[in-house]
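Asker: Quick one: structure below, then a few questions.
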Amino acid sequence: MTSQSPIPHQFITSQYDLILRRGKLILFDIGESEPLDIGIKDGIITAISPNLSESAHQELDLAGKLISPPFIESHIHLDSVLTAGEPRWNQSGTLFEGIEIWRDRKLTLNLDDVKNRALRMLQEQAKQGILFVRTHADVSAAGLIALQALLEVRDRVRDWISVQVVAFPQDGIYSHPDNLNLLEQALEMGADVVGGIPHYELTREDGVNSVKHIFALAQKYHRLIDIHCDEIDDDQSRFLEVVVAEAIKTGMGNKVTASHTTAFASYNNAYAYKLMGFLKRTQINFIANPLINITLQGRTDTYPKRRGVTRVKELWQNGINVSFGHDCVQDPWYSLGTGNMLDVAHMGVHVCQMTGRDEVNACYEMVTRNAAKTLDMEDKYGIEVGKPASLIVLAARDRYDAIRTRIQPSYVISQGKIIAATTPAETKWYGEDYGF
Ligand code: 17E
Ligand code: FE2
């Protein structure tokens, strides 16, 4: 029955707008549930039960498919997506050539350019089951165009996808006299998170000062922190320890995120061991970007060649919250990608060597539940009665199978509405028939 139903009485008294029947819920620390029914009313999950006897205006029979909380993109640059090759291709494949190309591309940014690309990307992401996104917006450019565009997009899409915007000073906050002010102005305009890039400040001292300044701003404006930190293979790049020190001194702990931290993979083990103890005390979050880290890092190595991905497995083993991001889709740093978080988890399994069964499941958590913690959005995330009905349906047996096949969600449901549905491609076989 639809809202055009000829029987208005039933419409008014019906308990649910939508019922999902016979779906298996991912129970993170346990496995998958037996098939269950989920009742949804006014965008909220109002019932989870083995067999809902009532009917609803709309029902979907999931026939044993998996129901997962949506994917979360915890680290992407929506201002630069879909610009690969503009104005030129990144030939060296390094982070630093990417920054130079972007410096030229951003001279031609305008609001519509950023908004159109960001909206297109968000729609692609949502079709692939992503309903929460943290995007960086470069604020080291006159005019704050990228930031203004992404704030407008954030507010425009909030009925179907939650977006957080990080004020990210790509060129550093001390490399140009205006950049410090631009960062603060971005927070006044409404950026949700303060960012930084200490390893790209001109000196070690500037890098340390930048981290202190970021914490001061976050406290003044009551915002989260997400710093691009030590994104380099240099084993002497040690801004993570400064982030840790500030997190301890301010008590900001789980409101703080260190993104990339690729140098952590190059630190000597004695130092890494000491640092790991401090990390456990602070409870800060980590974001690794396996697709980008494996391609941008190691570029100055011959052989042996480093992987350049932070110590994901060891952080996870120590109970520290880690999520995975895609970072880029078709931009000066990474020309590939569709935004699919299962591609990211799949690469994470490989480059972090997390092939044990629990480890594969952990990689699934890094694109779902762990990222909700990082984004501080746990209150509206998860499949529980009373929470917003934002979830995805996967034609997979379990999390391992979902990562293995990198399957598109059959349904994407956001705040109670079906916003995307995918029918699997069907391949016909015309070769020999072996009878199985
Ligand atoms: N900017 C940066 O500093 N690092 C990155 N990985 C990207 C942009 C994508
Ligand atoms: Fe990034």
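Take the position in the sequence shown, starting the count at 1, then add 681; the result is the number in my numbering. Heads up, the beta-carbon is just placed ideally off N, CA and C, and yes, glycines get one too. In this text, all values refer to a predicted model and were calculated from it rather than measured experimentally.
1) Apart from the five residues just before and just after residue 1069, which ones in its own chain have a Cβ nearer than 7 Å to its Cβ?
2) Let me know the beta strand (DSSP E) ranges lying completely inside the stretch 875-923, each 3 residues or longer, listed in chain order.
3) Using C-beta distances below 7 Å, list every residue in its chain close to residue 685, excluding the 5 sequence neighbours before and after it, in chain order.
4) Run through the DSSP bridge pairs and tell me what residue 726 is partnered with.
5) Check whether chain D comes within 8 Å of residue 718, counting only Cβ atoms and requiring the distance to be less than that.
6) What did DSSP end up calling residue 1005 once you bin it into helix, strand or coil?
7) Tell me, to the nearest whole angstrom, how far the beta carbon of residue 1042 is from that of residue 1080; I am working on the premise that it is less than 8 Å.
8) Starting from residue 1070, follow the alpha helix (DSSP H) in both directions and report where the run begins and ends.
9) Kindly provide the ranges of any alpha helix (DSSP H) runs that are 4 or more residues long and lie completely inside the stretch 972-1033, ordered along the chain.
10) So is residue 751 buried or exposed if we call it buried at 16+ other beta carbons inside 10 Å?
11) With a cut-off of 6 Å, give the chain-ordered residues whose Cβ is closer than this to any heavy atom of the ligand 17E.
12) Taking Cβ to Cβ, would you say residue 944 is nearer than 8 Å to residue 913?
13) From the DSSP secondary-structure annotation, give me the bridge partner or partners of residue 712.
14) How many Å lie between residue 763 and residue 834 at the Cα?
15) Would you grab the beta carbon distance between residue 844 and residue 816 for me? Rounded to a whole angstrom, and I think it's under 8 Å.
16) Pick from 1050, 1015 and 1093: whose alpha carbon is nearest that of residue 772?
17) Give me the Cα-Cα distance between residue 753 and residue 875, rounded to the nearest whole angstrom.
18) Can you name the residues that DSSP bridges to residue 732?
19) Is the distance from the Cβ of residue 851 to the Cβ of residue 783 below 8 Å?
20) Taking all protein chains shown into account, decide if residue 973 is buried (16 or more other Cβ within 10 angstroms of its Cβ) or exposed.
21) Going by the CB atoms, is the gap between residue 971 and residue 1032 shorter than 8 Å?
22) With a threshold of 7 Å, establish whether the CB of residue 940 neighbours any heavy atom of the ligand FE2.
23) Check whether the Cβ atoms of residue 1073 and residue 810 lie closer than 8 Å to each other.
24) Check for me: the beta strand (DSSP E) holding residue 1108 runs from which residue to which?
25) Expressed to the nearest angstrom, what Euclidean distance is found between the alpha-carbon atoms of residue 979 and residue 1008?
26) Compute the beta-carbon to beta-carbon distance between residue 1116 and residue 976, rounded to the nearest angstrom, for a pair I have assumed lies under 8 Å.
27) Give me the Cα-Cα distance between residue 965 and residue 1113, rounded to the nearest whole angstrom.
28) On a Cα-Cα basis, can you pick out the residue from 952, 890 and 902 that is closest to residue 866?
29) Select from 717, 740 and 917 the residue whose C-alpha is nearest the C-alpha of residue 732.
Answerer: On the basis of the supplied data:
1) As a position in the sequence shown, residue 1069 is number 388, starting the count at 1. Taken in chain order, the residues that qualify are 724, 725, 1061 and 1096.
2) 905-910
3) As a first step, residue 685 is located in the sequence shown; it is residue number 4 there, counting from the start. Bear in mind that the predicted position of residue 685 carries a pLDDT of just 42, short of 50, making it too unreliable to give a figure here.
4) Within the sequence shown, numbered from 1, the residue matching residue 726 stands at position 45. Residue 726 is bridged to 721.
5) Given the protein chain composition of this structure (a single chain), no chain D is represented.
6) Position 324 of the sequence shown, counting from 1, holds the residue named residue 1005. Residue 1005: strand per DSSP, three-state reduction.
7) Translated into positions along the sequence shown, residue 1042 becomes position 361. Translated into positions along the sequence shown, residue 1080 becomes position 399. Indeed, because the Cβ distance is near 5 Å, the residues count as touching under 8 Å.
8) Indexing the sequence shown from 1 puts residue 1070 at position 389. Looking at the DSSP string, residue 1070 is not in any alpha helix (DSSP H), and its letter there is neither H nor E.
9) 993-998 and 1022-1032
10) Translated into positions along the sequence shown, residue 751 becomes position 70. Buried, since its Cβ has 16 or more Cβ neighbours within 10 Å.
11) 758, 776, 851, 878, 909, 912, 973, 1008, 1009 and 1014
12) By one-based count along the sequence shown, residue 944 stands at place 263. By one-based count along the sequence shown, residue 913 stands at place 232. Cβ atoms of residue 944 and residue 913: closer than 8 Å.
13) Numbered from 1 along the sequence shown, position 31 holds the residue referred to as residue 712. Bridge partners of residue 712: 708.
14) Mapped onto the sequence shown, residue 763 falls at position 82. Mapped onto the sequence shown, residue 834 falls at position 153. Rounded to the nearest angstrom, the two C-alpha atoms are 16 Å apart.
15) If you number the sequence shown from 1, residue 844 lands on position 163. If you number the sequence shown from 1, residue 816 lands on position 135. Right, the Cβ-Cβ distance comes to about 6 Å (below 8 Å), so this counts as a contact.
16) In the sequence shown, the residue the question calls residue 772 occupies position 91. Selected option, being the one with the closest Cα: 1015.
17) Here residue 753 refers to the residue found at position 72 of the sequence shown. Here residue 875 refers to the residue found at position 194 of the sequence shown. Computed Cα separation, rounded: 19 Å.
18) Taking the first residue of the sequence shown as position 1, residue 732 is located at position 51. Looking at the DSSP assignment, residue 732 forms no beta bridge with any residue, so it has no partner.
19) Looking up residue 851 in the sequence shown gives position 170. Looking up residue 783 in the sequence shown gives position 102. Yes, these two residues count as a Cβ contact at 8 Å.
20) Start at 1 with the first residue of the sequence shown, and residue 973 comes out as number 292. The residue in question, residue 973, is buried, as its Cβ has 16 or more Cβ neighbours within 10 Å.
21) Numbered from its first residue, the sequence shown carries residue 1032 at position 351. Numbered from its first residue, the sequence shown carries residue 971 at position 290. For residue 1032 and residue 971, yes; Cβs fall inside 8 Å.
22) Numbered from 1 along the sequence shown, position 259 holds the residue referred to as residue 940. Yes, the ligand FE2 has a heavy atom inside 7 Å of this Cβ.
23) Taking the sequence shown and counting its residues from 1, one reaches residue 1073 at position 392. Taking the sequence shown and counting its residues from 1, one reaches residue 810 at position 129. Result yes, Cβ atoms of residue 1073 and residue 810 sit closer than 8 Å.
24) Counting from one through the sequence shown, the residue named residue 1108 turns up at place 427. No beta strand (DSSP E) contains residue 1108, which DSSP labels as neither H nor E.
25) On the sequence shown, residue 979 is found 298 positions in, with the first residue counted as 1. On the sequence shown, residue 1008 is found 327 positions in, with the first residue counted as 1. Taking the straight line joining both Cα atoms gives about 18 Å.
26) For the purposes of this step, residue 1116 is identified with residue 435 of the sequence shown, where counting begins at 1. For the purposes of this step, residue 976 is identified with residue 295 of the sequence shown, where counting begins at 1. The pair is not a contact, with the Cβ atoms about 44 Å apart (cut-off 8 Å).
27) Residue mapping note: residue 965 aligns to position 284 of the sequence shown, counting from 1. Residue mapping note: residue 1113 aligns to position 432 of the sequence shown, counting from 1. For residue 965 and residue 1113, the distance between alpha carbons rounds to 56 Å.
28) Counting from one through the sequence shown, the residue named residue 866 turns up at place 185. Nearest option by C-alpha distance: 902.
29) Sequence index remark: in the sequence shown, residue 732 carries index 51 (1-based). Out of 717, 740 and 917, 717 has the C-alpha closest to the C-alpha of residue 732.
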